[in-house]
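Protein chains in written order, with the numbering used here: chain A, 1169 to 1555; chain B, 2 to 83.
Note that the Cβ used here is the ideal one computed from N, Cα and C, for glycine as well.
The structure displayed is predicted, hence computed values, not measured ones.
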Amino acid sequence: MKFPWMPAIAALLCAGSADAAPCSDLADPVYVSSGSVSQPVLRALSPVLAAGTGADHMTLVYVFTQTCDTLLRFTSGAALTGTGVTYAADGTATSCDVPEGTHADLGIGNLFAPSCVSVSPTVDPSVVSDAPYVVSPTVLVVPVASDQVAISAEEAYFVYGFGAAGMVMPWTDEHFIYRRTATAGTQVVIAQNINVPAARFLGVDGVSVQNLLTLVAAAPTPRAAVGFLSAADADAHRSAVRRLAFRAYGQQSFYWPDSTHASFDRRNVRDGHYQVWNYEHVYVPVAAPADGRARRLGDMLTGVRPLPTGDMTSVAIGLGFVPRCAMSVQRTADDDGTSLASYDPPAPCGCSYDASVPMGATTCHACTTVADCGGTGACRRGYCEAR
Amino acid sequence: MTKLHVLAIAALFALAGCDDNPAVLSDGAVIGDRPVVDAATCFAGTPHTRLEFLNRCTDAETVTKTVVLPLRRADGSLPPLP
């Protein structure tokens, strides 16, 4: 399916329809307040958890909420609003009515919790445990019919900060400069890398990931159009949009998130050459029961606890995210790379990551046991890793 | 225009014809054959700072593009947002 998110949109458009059943009728519902970037993860995990047993049996109810609104609700104790979406094993989305007074069990968003204080000053980051679980790069995109392949931070500063007045060719028509809102994670991460406050972006609000994708891809003047998406969303639609190589302030060259414009290895994200990325975070209320479903789900997402079947690393890779075990850099704040530092994951998976991505390959030795690795390191996910 | 120029342009047009390899752009940007990073100026040590990570030596594919910023100040700085 070219637009796999369409069923979810259709389900959301049916919000409040008279025939939607209450979400509370579902077996072991777990309400997840999440932005759209992790929606594919929830869709992928839904059948896995529906087949779980005991405390691992869950029906995930996805309630779309932007990151800082999720944290604001955890702070204020406000109930969820909107419609829940559940996913069947084939990915089909079904809407349900979230009962009045229902609170989110777990949140997912793409910012360190303290970053939301600048957007929503009443947010209290201490009400949740905040655990990054995968890396999500953001890319500036143009229609495939555009002739552009690269953009510098300076160019993007003028495009999004000045609009037409910035006179950066060919992005000088604000009707075709697409953005999101100040609270959207992708806009926040672009803002941090081009030094334009997220609330001051000029251009047309794409409203949602899906709509922005459509607007960019179908822009009547392709050369003038530009927008931004998560790399996973852009990769899923490479036939419609082209990812632009990016040059950060002070950087000598332009780079894609991947080692080439056509690959999927995220090598430049993983080694620090491409810094327009953030983590997807799991927010578990500190008051959540120690062995309750919310905390169990959070632990599964972060790899602390195994999934009932399969493994979270494979799920993340399959959806275009980078698991932390494949990263050699880390950050401790949402910034332009200032907090970037080397990272040695405790259980590295870089070899299997390289082998698993589309068009992937690795020079690492394949293994079935550590003995195949010459007695050093570890055999992880079929390849010899450093430990 | 020298023969070399003609050959180079012909080669670039041939590359531009590839379906998924927009190698030559009307504004002069070119997707390079790796590597383009200047080995004399890239950072070859163990990176610790943002700029060291950004400019670490690599064989990743890069793009050569002439950036034109009409509003950039004479000293190279950017004007404040309007």
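- Proximity of Q1360 (chain A) to chain B, defined by a Cβ-Cβ separation below 8 Å, is not satisfied.
- By DSSP's assignment, F1232 (chain A) forms a beta bridge with A:S1202.
- Among the CB atoms of chain A, one or more fall inside 8 Å of the CB of C43 (chain B).
- The beta carbon of G46 (chain B) sits closer than 8 Å to the beta carbons of E53 from its chain, once the five residues preceding and following it are set aside; these are given in chain order.
- Taking the Cα of V1372 (chain A) as reference, the smallest distance to any Cα among A:V1452, A:V1394, A:V1357, A:P1390 is reached at A:V1394.
- Taking CB atoms only, T1530 (chain A) has no neighbour in chain B less than 8 Å away.
- Scanning A:A1430, A:H1429, A:H1449, A:W1424 for the CA closest to the CA of V1437 (chain A) turns up A:W1424.
- Among the residues of chain B, those whose CB is under 7 Å from the CB of L1508 (chain A) are R51, F54, following chain order.
- Per DSSP, E1448 (chain A) is not a residue of any alpha helix (DSSP H); the beta strand (DSSP E) it occupies stretches across 1445-1453.
- Taken through DSSP and simplified to helix, strand or coil, Y1423 (chain A) comes out as strand.
- In this model, N1361 (chain A) and G1545 (chain A) are separated by some 37 Å (Cα to Cα).
- Counting C-beta pairs with one atom in each stretch, the segment 1333-1348 of chain A and the segment 1438-1457 of chain A have fewer than three that are closer than 8 Å, which means they do not touch.
- Under DSSP, C1264 (chain A) takes part in a beta bridge, and its partners are A:G1252.
- Interface residue (Cβ-Cβ distance to chain B less than 8 Å): F1326 (chain A) is classified as such.
- Residue burial is scored here from C-beta neighbours: S1520 (chain A) has at least 16 other C-beta atoms within 10 angstroms and is therefore classed as buried.
- From the listed residues A:L1308, A:G1331, A:F1330, the smallest Cα separation to S1320 (chain A) is found for A:L1308.
- Of the other Cβ atoms in all chains shown, fewer than 16 fall within 10 Å of the Cβ of M1337 (chain A); this residue is therefore exposed.
- Taking a Cβ-Cβ threshold of 8 Å, the residues of chain A close to R57 (chain B) are D1439, G1440, H1441, in chain order.
- Using a CB distance cut-off of 8 Å, T1306 (chain A) does not count as an interface residue toward chain B.
- For R1368 (chain A), the neighbours in chain B by C-beta distance under 7 Å run, in chain order, L82.
- Just so you know, the alpha carbons of V1303 (chain A) and S1314 (chain A) end up roughly 28 Å apart.
- Ranked by Cα distance from C1236 (chain A), the first of A:G1250, A:V1356, A:A1333, A:A1212 is A:V1356.
- For L1412 (chain A), no alpha helix (DSSP H) segment is defined, and its DSSP state is neither H nor E.
- Interface residue (Cβ-Cβ distance to chain B less than 8 Å): R1434 (chain A) is not classified as such.
- Within 10 angstroms of the beta-carbon of T59 (chain B) lie 16 or more other beta-carbons, which makes it buried.
- Against chain A, the CB of A75 (chain B) has no partner CB under 8 Å away; the residue lies outside that interface.
- Look at T63 (chain B): its C-beta is under 8 Å from a C-beta on chain A.
- Chain-order list of chain B residues neighbouring Y1423 (chain A): A61, T63, by C-beta distance under 7 Å.
- Bounds of the beta strand (DSSP E) holding T1306 (chain A) are 1296-1311.
- Between the segment 1233-1249 of chain A and the segment 1282-1289 of chain A, the count of Cβ pairs shorter than 8 Å is three or higher; the stretches touch.
- Distance check between D1401 (chain A) and each of A:S1496, A:P1305, A:A1218 places A:P1305 closest, using alpha-carbon atoms only.
- Taken in chain order, the whole alpha helix (DSSP H) runs of length 4 or more contained in the segment 1475-1544 of chain A are 1480-1486, 1518-1524.
- Contact between L82 (chain B) and G1334 (chain A) is absent: CB atoms are separated by about 10 Å, not below the 8 Å threshold.
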